[in-house]
Amino acid sequence: MGSARRAADRPAPNRTSAAGGGSPPPSPSVDPRKALAEKMMRQARERIEAESAEPQRPARRSRAHDAGGGVTLAIDPVVFVHVVLAIVALTIAALAVLFCYHMLYVMFTLGRILALPTGVLTAAVLSYLSVCFLGVVESTAAGRISLDDHVTGDWREWFWTLPSTAGPLVWAGFLAWLATLPLVDQRAMAAAVIAWALYPVLQLSVLECEQPLLPVSLPTLRSLVTRPAAWLVFYFCSIVPVAVPALVAWAAFVDPPYVTVLVTAPVAALAMFAYAWLFGHLTREVSKEFPRD
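In my numbering, each residue's number is its place in the sequence shown (first place is 1) plus 53.
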């Protein structure tokens, strides 16, 4: 009886081991839920790191582009639309002014009637050209030629940009006239050259100090000494957009000059955009001398 009790207390043989040829018992396995959670966390971490690294690359390129300068060739497609509009608007306004001036000699009464609408049209076109000029300059200096943020509103709002663009031009012409008073011959050519040399200095001074009535900026004048290469390159390149319209007008001159205006106005509009692009690069380079706010 005691033997039977001892046999009952003895552990039962491992049938699995006997059937399987005596292999050891399996080790405890990893929890599949924990493994799945770790895998999902690892994938989420990699995705977040990839998304956070993507916007940093263009930012580094932008900072390097701003620091290193370079030629800006990135142009928004809308700029070409404004170029075409500027060509058409300037041509129409120039023909209207010429026709009104002609009528003042032929039929004075009709000329006086046309004077007011012609003046309003001319003011609107000049305001549009002014805001386009400033937009190209500022966007080129920022690294991309765009006019979306500049050509907004209507011409009555754009009109107040004329002092910032036409003001330096008037100052350059006035100072050139004073400088050529002692001359007897070739005064017009000398005055044109002096105005061509003074205008970018006065225009950049206005953009820096925001004072069209007194376009004098010490940082701009200092940049003539600290950044002479930038100024020389700009002056050399600006000869083309300044001289080409004058040469076209001289070559196509007829009397009365309707054909001359019809040919010269589109060239002048294109030259304005080219000059603004060059001036934007000069502004970008010279603005490194300006004090930071």
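Cβ atoms here follow ideal geometry from the backbone N, Cα and C, with glycine treated the same way.
- Taking every protein chain shown into account, the CB of residue 101 has fewer than 16 other CB atoms within 10 angstroms, so this residue is exposed.
- For residue 213, no alpha helix (DSSP H) encloses it, and the DSSP letter there is neither H nor E.
- Here residue 190 has 329, 332, 333 and 336 as same chain residues with Cβ atoms under 7 Å from its own Cβ, once five neighbours each way along the sequence are excluded.
- Judged by their CB atoms, residue 229 and residue 219 are not nearer to each other than the 9 Å cut-off.
- Comparing C-alpha distances from residue 338 to each of 141, 166 and 193 shows the shortest one belongs to 193.
- In terms of Cα proximity to residue 271, the closest of 248, 340 and 98 is 340.
- In this structure, the beta-carbon distance from residue 224 to residue 180 does not fall below 9 Å.
- For residue 274, the uninterrupted alpha helix (DSSP H) run begins and ends at 271-279, by DSSP.
- In the DSSP assignment, residue 128 is bridged to 198.
- Between residue 281 and residue 255 a beta carbon distance of about 18 Å is seen, past the 8 Å cut, so the two are scored as non-contacting.
- Here residue 185 has 135, 139, 200 and 204 as same chain residues with Cβ atoms under 7 Å from its own Cβ, once five neighbours each way along the sequence are excluded.
- Per DSSP, the continuous alpha helix (DSSP H) segment holding residue 258 begins and ends at 240-262.
- Taking a contact to require three or more Cβ pairs closer than 8 Å, the region 246-253 and the region 280-299 qualify as touching.
- For residue 306, there is no enclosing alpha helix (DSSP H), as DSSP marks it with neither H nor E.
- With respect to residue 171, residue 150 sits close: the two C-beta atoms are nearer than 9 Å.
- Annotated as distal: residue 319 and residue 174, with beta-carbon spacing of 9 Å or more.
- In this structure, the CA atom of residue 239 is about 43 Å from the CA atom of residue 129.
- A straight line joining the alpha-carbon of residue 158 with that of residue 169 spans about 16 Å.
- Closest in alpha carbon position to residue 209, among 177, 183, 232 and 146, is 177.
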